[in-house]
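The structure appears below as structure tokens.
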Amino acid sequence: MPPAKKRSRAYDLARTRTAVLAQFAHVRDAVRALTPEQLALPGLGEWTVRELAAHLTMALERVSRSMELPAPRGPKPEIALLAWPFSTAGNAAGISDFTRTLAADRPDLDALYEETAARFAELVPVDGPDRLVTTRAGTMRLGDFLVTRTVELVVHTDDLHRATGLDIPYDRQALAACTRLLADALADKAPGGSVEVRVPPFAVVQCIGGPKHTRGTPPNVVETDPLTWIRLATGRTGWTQALEAAQVRASGERAELAHLLPLMG
27 MPPAKKRSRA YDLARTRTAV LAQFAHVRDA VRALTPEQLA LPGLGEWTVR ELAAHLTMAL
87 ERVSRSMELP APRGPKPEIA LLAWPFSTAG NAAGISDFTR TLAADRPDLD ALYEETAARF
147 AELVPVDGPD RLVTTRAGTM RLGDFLVTRT VELVVHTDDL HRATGLDIPY DRQALAACTR
207 LLADALADKA PGGSVEVRVP PFAVVQCIGG PKHTRGTPPN VVETDPLTWI RLATGRTGWT
267 QALEAAQVRA SGERAELAHL LPLMG
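Here the sequence shown stands for residues 27 to 291, where the numbers follow the numbering used here.
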């Protein structure tokens, strides 16, 4: 019998909503401090820093726009939370084009951030996590969609930091939700109990089929910090690169994740 797939953990809608707004506020403070020279720097891929900053507002605006639409019909979502990280790769071209248009049309980034935060605060409720919303990947529960927003915000906050050198804070709840979702997605992709992946202080999961660990010290352990894990899961850092930089500790003959990463394109 194949290993059972991991069930998605529960996330509190109100806490996730608060975390999304808090992380967005941290990013807004950083973007407000950028000079014209910094905004013109390379940001992510072919984007400038200005385009990356504009793209960050889309993490919230997609939720706001979905709340303005009628609730989708049907009793069940089309995509579960743990499936979301694997659904993002095919959207790159459309997202890139929209991002460039948004950055060109809205040169006043601070005004864009203010408008985006206000719309989100007004339109996105603090309860009703099971309400269905329309996303690029398909219909999702509102509570699940907000968890995906922590991934978008945290990942791109790190991108902005690496592009500009700015020290941008991470809201603890946003960082925790992002870390846990990506760890759970790994366990869902490679179910099993032969390798324990630790991302203290937020996540511990077991994955990869084989002998299951039940007590004592696991024979195969991978351990890293949240930001390194997020970079691995999203392809910002390679497995070998992280090992050589001592950002990942792997012990045991099966403690190898290179063939499973990245989780998101």
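Glycine is no exception: its CB is placed at the ideal position from the N, C-alpha and C atoms.
Return the first residue and the last residue of the beta strand (DSSP E) that S277 is part of. Segment 274 to 277, the beta strand (DSSP E) holding S277.
Inter-residue Cα distance where the pair is Q232 and T127: Between Q232 and T127, the alpha-carbon positions lie close to 42 angstroms from each other.
Which residue spans inside the segment 130 to 165 form an unbroken beta strand (DSSP E) run of at least 3? Fully enclosed beta strand (DSSP E) runs of no fewer than 3 residues occupy 158 to 161 of the segment 130 to 165, in order along the chain.
Which partner residues of W73 appear in the DSSP bridge assignment? Residue pairing by DSSP places W73 opposite L70 in a beta bridge.
Tell me the DSSP bridge mates of Q232? Among the bridge pairs identified by DSSP, Q232 is matched with E222.
Considering only C-alpha positions, which residue in the set G236, L253, P252, T42 is nearest to P245? Of all alpha-carbon atoms in G236, L253, P252, T42, the one lying nearest the alpha-carbon of P245 is that of G236.
Can you tell me where the alpha helix (DSSP H) with T205 in it begins and where it stops? T205 -> alpha helix (DSSP H) spans 198 to 215.
Of the listed residues D193, H285, Q199, nearest to V173 (C-alpha basis): Closest option to V173, Cα to Cα, is Q199.
Go ahead and pull the three-state DSSP assignment for E249. The answer is strand: DSSP assigns E249 an E or B state.
Which partner residues does R35 have in the DSSP bridge list? None, per the DSSP bridge assignment.
Flag this pair as yes or no: are the beta carbons of G218 and Y37 separated by less than 9 angstroms? Note that the C-beta distance between G218 and Y37 is not below 9 angstroms.
Candidates L253, D156, R91, L179: which alpha carbon is nearest F50's? Nearest C-alpha to F50: L179.
Assigned secondary structure, R280 (DSSP; H/G/I helix, E/B strand, else coil): Here DSSP, grouped into helix, strand and coil, assigns R280 to coil.
How do the segment 62 to 77 and the segment 215 to 230 stand: do at least 3 beta-carbon pairs fall below 8 angstroms, yes or no? Under the three-pair Cβ rule at 8 angstroms, the segment 62 to 77 does not count as touching the segment 215 to 230.
Going by DSSP, what residue range makes up the alpha helix (DSSP H) through E63? For E63, the enclosing alpha helix (DSSP H) stretches over residues 62 to 65.
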